[in-house]
Amino acid sequence: MDYLTQQLINGLSIGATYALIALGYTMVYGVLRLINFAHGEVYMMGAVVAYWIAIGIAPWGWPVWGALAVIFGGAMGACAVLGFAIEFFAYRPLRNKPRLVVLITAIGVSLLLQNLAQTRYVFGPTPEAFPAVIEAKTVVRWTMGGPDNVVTVSNLDLLSLGLSLGLMGVLAWVVLRTRQGLALRAVSYRFDTSSLMGINTNRTISFTFMLGSALAAVAGVVDAIRYDVRPLMGLMPGLKAFVAAVLGGIGSIPGAFVGGLVIGLIETLVKGYLSSAYSDAVAFVVLIVILLVRPSGILGRYEAEKL
Amino acid sequence: MLLSVNNLEVSYGAIAALQGVSVSIDRGEIVALIGANGAGKTTLLRTISGLLKAKGGSVLWEGKKELRGLAAHEVVGLGISHVPEGRQIFPHLSARENLMLGGYQERSNGVLRERMERVFGLFPVLAERSEQRGGTLSGGEQQMLAIGRAMMGRPRLLLLDEPSLGLAPLVVRKIFQIIREINAEGTTIFLVEQNAHMALTVAHRGYVLQTGRVMLTDTASELLEHSDVKKAYLGG
Ligand SMILES: Nc1ncnc2c1ncn2[C@@H]1O[C@H](COP(=O)(O)OP(=O)(O)OP(=O)(O)O)[C@@H](O)[C@H]1O
Ligand SMILES: [Mg+2]
Numbered sequence: 012m013d014y015l016t017q018q019l020i021n022g023l024s025i026g027a028t029y030a031l032i033a034l035g036y037t038m039v040y041g042v043l044r045l046i047n048f049a050h051g052e053v054y055m056m057g058a059v060v061a062y063w064i065a066i067g068i069a070p071w072g073w074p075v076w077g078a079l080a081v082i083f084g085g086a087m088g089a090c091a092v093l094g095f096a097i098e099f100f101a102y103r104p105l106r107n108k109p110r111l112v113v114l115i116t117a118i119g120v121s122l123l124l125q126n127l128a129q130t131r132y133v134f135g136p137t138p139e140a141f142p143a144v145i146e147a148k149t150v151v152r153w154t155m156g157g158p159d160n161v162v163t164v165s166n167l168d169l170l171s172l173g174l175s176l177g178l179m180g181v182l183a184w185v186v187l188r189t190r191q192g193l194a195l196r197a198v199s200y201r202f203d204t205s206s207l208m209g210i211n212t213n214r215t216i217s218f219t220f221m222l223g224s225a226l227a228a229v230a231g232v233v234d235a236i237r238y239d240v241r242p243l244m245g246l247m248p249g250l251k252a253f254v255a256a257v258l259g260g261i262g263s264i265p266g267a268f269v270g271g272l273v274i275g276l277i278e279t280l281v282k283g284y285l286s287s288a289y290s291d292a293v294a295f296v297v298l299i300v301i302l303l304v305r306p307s308g309i310l311g312r313y314e315a316e317k318l
Numbered sequence: 325m326l327l328s329v330n331n332l333e334v335s336y337g338a339i340a341a342l343q344g345v346s347v348s349i350d351r352g353e354i355v356a357l358i359g360a361n362g363a364g365k366t367t368l369l370r371t372i373s374g375l376l377k378a379k380g381g382s383v384l385w386e387g388k389k390e391l392r393g394l395a396a397h398e399v400v401g402l403g404i405s406h407v408p409e410g411r412q413i414f415p416h417l418s419a420r421e422n423l424m425l426g427g428y429q430e431r432s433n434g435v436l437r438e439r440m441e442r443v444f445g446l447f448p449v450l451a452e453r454s455e456q457r458g459g460t461l462s463g464g465e466q467q468m469l470a471i472g473r474a475m476m477g478r479p480r481l482l483l484l485d486e487p488s489l490g491l492a493p494l495v496v497r498k499i500f501q502i503i504r505e506i507n508a509e510g511t512t513i514f515l516v517e518q519n520a521h522m523a524l525t526v527a528h529r530g531y532v533l534q535t536g537r538v539m540l541t542d543t544a545s546e547l548l549e550h551s552d553v554k555k556a557y558l559g560g
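If you're matching them up, the sequences are chains A and B in order.
According to our numbering, the residues represented by the first sequence are 12 to 318, in order.
According to our numbering, the residues represented by the second sequence are 325 to 560, in order.
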């Protein structure tokens, strides 16, 4: 029982970062019907920017909360700009081109960012540990029955889950309650009708990329702190978050969030009860199963052909 | 002239849809544009709105502002609202959200509330249905929502593309009555219709479009009596 509880906590903690990345996939798909395969690299660049900020501010010895705020804020801002630039330079000129052209471009952007990160001007080829801004600590320790049956929750688990839940709340508010969010929902349905409403559809698309990229940055920073920073770190989480978005029903925002948590849980349970050798493969098994059984995903939405 | 279209040419690839069309609309008028399927009526409206790019000619707003080259959202900003063919309600959004989108460029919630009250005055059924998803409204209610949505932008010129399409005669009569009411309150209207009789009954003037060219223009009452119009569009 305690072992299972521990696995569930770990799964939610990992799933929370998948959820944050998956939100960007699903929102971009919503407005452009495009799988932005460079999204995992935006997550990686979030980690890289956070790394440089953390090194930069280290000598000043700021309190943990101040340092974290600057690191997260800086990474989110930088990735928002990056997301804007990716859409503006790579995807916008191809807006009316066949899907395949855009898909290949997305993969190209992804490779470009991976290789840029491997140069020493951006980061370098070798993994680096994140500067010690916040130490991993057990904050909840729960003894169940005997001294051997302990369940622990670390501050990083709380950070991951707290940020993910909090940001999901902020996102829901933006999408459901603000003028920008209404424009986003309109543009997800149709460009031409939206522009007849007076909406600048290009600006709405930029906004969507910036929002999704800032969320991916948060996941990148959490994982940088939790593990380390490396130029290819975006690959696996990127693919798994993509599976999470498909699982939740691509285009559905709550679906992406739930999908992320579910993928995190499945992965951790497989690791804990079967073998860690399967933990990466399981996401792809899930993908194949969804595509066979229910291609519209758990919360799959009504799908309109986009004009 | 509020709007003057001069020698407009629009093509879809090799297909010339408009071949030198000229139309002018004065303040306060209801101008009807009638024509058969494929005549180019929708193409003309979409070009005025900035959804399609013209190859030649000009579209002048208030005699001086060139609309060609403006993006659709910029045209809306000048005071031109377009009710598209087939209504194009956002099916997943509530009626209220559809209306809010029509007033997207207005940032004051107070002003938007006032406008929505006015729309509810024109179409009381929308007030009852305001929380219902657009896609679940009946055809007539969707047409009312589409017109109400356009009115949320407080347009000076309202472009209507076949508001009678697919509606029962009673509903069509109601819609045309509202069109008159909107016009009486000061909004200029450019009305595209295949229902030539209805359109010419409410309009002051009319144009007859045939395969991308204006074949005829006159006052609405003259067009209703014109033998060619009677034969081709009024069923004898
Ligand atoms: N997207 C398009 N691609 C190619 N040709 C088009 C396109 N849209 C319209 N056309 C052609 O342009 C011409 C004018 O079409 P348009 O839709 O403007 O006619 P309409 O007068 O609005 O007809 P209807 O009464 O059926 O709505 C037609 O010959 C049509 O086939
Ligand atoms: Mg038409």
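Note that the Cβ used here is the ideal one computed from N, Cα and C, for glycine as well.
Within the continuous beta strand (DSSP E) that includes residue i, where are the two ends?
i: B/His397; result: Taken as a continuous stretch (DSSP letters only), B/His397 belongs to no beta strand (DSSP E), being part of the alpha helix (DSSP H) at 396–402.
i: A/Pro35; result: The amino acid occupying residue 35 of chain A in the given sequence is Gly; Pro does not appear at that position. From DSSP, A/Gly35 is part of no beta strand (DSSP E) but of the alpha helix (DSSP H) over 13–43.
i: B/Ile358; result: 354–358
i: B/Asn330; result: 327–336
i: A/Thr163; result: 161–165
i: B/Tyr531; result: 529–534
i: B/Ala378; result: Run containing B/Ala378: none; DSSP gives neither H nor E here.
i: B/Thr512; result: 512–517
i: B/Gln343; result: 339–349
i: A/Val240; result: Per DSSP, A/Val240 belongs to no beta strand (DSSP E) and is neither H nor E.
Is residue i close to ligand 2? I mean its beta-carbon at under 8 Å from any heavy atom of the ligand.
i: B/Val347; result: no
i: B/Val516; result: yes
What span of residues does the alpha helix (DSSP H) with residue i cover, start to end?
i: B/Glu455; result: Where B/Glu455 is concerned, there is no enclosing alpha helix (DSSP H), given that its DSSP letter is neither H nor E.
i: A/Trp71; result: It is not in any alpha helix (DSSP H) - A/Trp71 carries neither H nor E in the DSSP assignment.
i: A/Asp234; result: 212–237
i: B/Arg442; result: 433–446
i: B/Asp552; result: 551–557
i: A/Thr116; result: 110–129
Is it buried or exposed, residue i, if we count other Cβ atoms within 10 angstroms and call 16 or more buried?
i: A/Arg131; result: exposed
i: A/Thr149; result: exposed
i: B/Lys379; result: exposed
i: B/Val414; result: The sequence given here places Phe at residue 414 of chain B; Val does not occur at that position. Looking at its Cβ environment, which holds 16 or more other Cβ atoms inside 10 Å, B/Phe414 is buried.
i: B/Asn433; result: exposed
i: A/Ile66; result: exposed
i: A/Glu278; result: buried
i: B/Val347; result: buried
i: A/Leu318; result: Any reading at A/Leu318 must be qualified, since the residue scores a pLDDT of 46, below 50, and its modelled position is unreliable; no value is offered.
i: B/Asp552; result: exposed
i: A/Tyr289; result: exposed
i: A/Ile20; result: buried
i: B/Gln501; result: exposed
i: A/Asn107; result: exposed
i: B/Asp350; result: exposed
i: B/Pro448; result: exposed
i: A/Gly266; result: buried
i: B/Pro479; result: buried
i: A/Arg305; result: exposed
Sorry if obvious, but does the Cβ on residue i come closer than 8 Å to a heavy atom of ligand 1?
i: B/Gln365; result: The question names Gln, yet the displayed sequence has Lys at residue 365 of chain B. Yes.
i: B/Asp485; result: yes
i: A/Gly180; result: no
i: B/Glu409; result: yes
i: B/Leu368; result: yes
i: B/Leu533; result: yes
i: A/Ile274; result: no
i: B/Tyr336; result: yes
i: B/Gly490; result: no
i: B/Gly536; result: yes
i: B/Ile413; result: no
i: B/Asn361; result: yes
i: B/Ala341; result: yes
Using a Cβ-Cβ cut-off of less than 8 Å, list which residues of the segment 440–452 of chain B approach chain A; keep chain order.
none
Taking a Cβ distance cut-off of 7 Å, strictly less, list which residues of the segment 403–432 of chain B are near chain A, in chain order.
His406, Pro408, Gln412, Phe414, His416, Leu417, Glu421, Met424, Leu425, Gly426, Tyr428, Gln429
Near-chain B residues of the segment 176–207 of chain A - C-beta to any C-beta below 8 Å:
Arg190, Leu193, Ala194, Arg196, Ala197, Tyr200, Arg201, Asp203, Thr204, Ser205, Ser206, Leu207
If contact means a Cβ-Cβ distance below 9 Å, which residues of the segment 349–379 of chain B contact chain A?
Arg370, Ser373, Gly374, Leu375
Three or more C-beta pairs under 8 Å: does that hold for the segment 97–109 of chain A against the segment 212–219 of chain A?
yes
Assess, as a yes-or-no matter, whether the segment 49–64 of chain A is touched by the segment 190–206 of chain A under the definition of 3 or more beta carbon pairs within less than 8 Å.
no
Contact the segment 453–463 of chain B vs the segment 499–508 of chain B: 3+ CB pairs below 8 Å
no
Give me the subset of the segment 209–224 of chain A whose CB atoms are less than 7 Å from a CB atom of chain B, sorted by chain position.
Gly209, Ile210, Asn211
Could you tell me whether the segment 20–29 of chain A touches the segment 79–96 of chain A, using the rule of 3 or more Cβ pairs below 8 Å?
no
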